[in-house]
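Participant: My questions will all concern the structure given below.
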Amino acid sequence: MIRNISQKILINYIFIILIMALLPPSWATQEDIISCPCGESPLTSKNGAVLNEETAKKIAEAILIPIYGKNAIEKQKPFSVSLKNDTWVISGYLPEDMLGGTFLIIICKQDGRIIKITHGR
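What follows is the structure in structure tokens.
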């Protein structure tokens, strides 16, 4: 009986250690974690499907408005848009004197896939 309990505890510890090893470290920066998992696709050009900032913003709005509402997304303009490691990183703007958070969406340049969506508080 005691041996079975010890084995279960050991298995739980091993499981927890494996999960922690697979998660990205909390001290990693956004740029460390962002990498486009997309390979070349016959459906897109060599330069990718999301070729410019304007297209990336339109995709972001098309995804974010149904989730957070048009008013919430419009209030966060102008958006910050940058291309990092073949991914478009788009975030909302919040004036310093306002409370709240902004969205962050990461879009793969190669095929337009949404890699991450978050919203701060």
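To convert, note that position 101 of the sequence shown is 101 in UniProt numbering; the numbers rise steadily by one, no gaps. Note that CB positions come from ideal geometry on N, CA and C, so glycine has one too.
#1: On the premise that isoleucine 105 lies in contact with leucine 51, defined as a C-beta separation below 8 Å, what is that separation, rounded to the nearest angstrom?
#2: Give every residue of the same chain whose Cβ lies closer than 6 Å to the Cβ of threonine 118, excluding the five residues on either side of it in the sequence, and list them in chain order.
#3: What separation, rounded to the nearest whole angstrom, lies between the Cα atoms of alanine 28 and lysine 70?
#4: Between the Cα of asparagine 85 and those of Gly101, Lys109, Gly92 and Ser91, spot the shortest distance and give me the residue it belongs to.
#5: Tell me which residue opens and which closes the beta strand (DSSP E) that leucine 104 is part of.
#6: Rounded to the nearest angstrom, what separates isoleucine 33 and asparagine 4 at their Cα positions?
#7: Alpha carbons only, please: which of Ile9, Ala72 and Ala60 is nearest the one belonging to arginine 121?
Facilitator: A quick look at the data gives this:
#1: Rounded, the Cβ-Cβ distance is 17 Å, inconsistent with contact.
#2: Leu104
#3: The predicted position of alanine 28 is uncertain, since its pLDDT is 41 and thus under 50; a value taken from the coordinates is nonetheless stated next. Taking the straight line joining both Cα atoms gives about 32 Å.
#4: Lys109
#5: 103-108
#6: Confidence is the limiting factor: at isoleucine 33 the pLDDT is only 47, short of 50, which leaves the residue's position unreliable, though a coordinate-based value still follows. Each residue's alpha carbon lies about 40 Å from the other.
#7: Ala72
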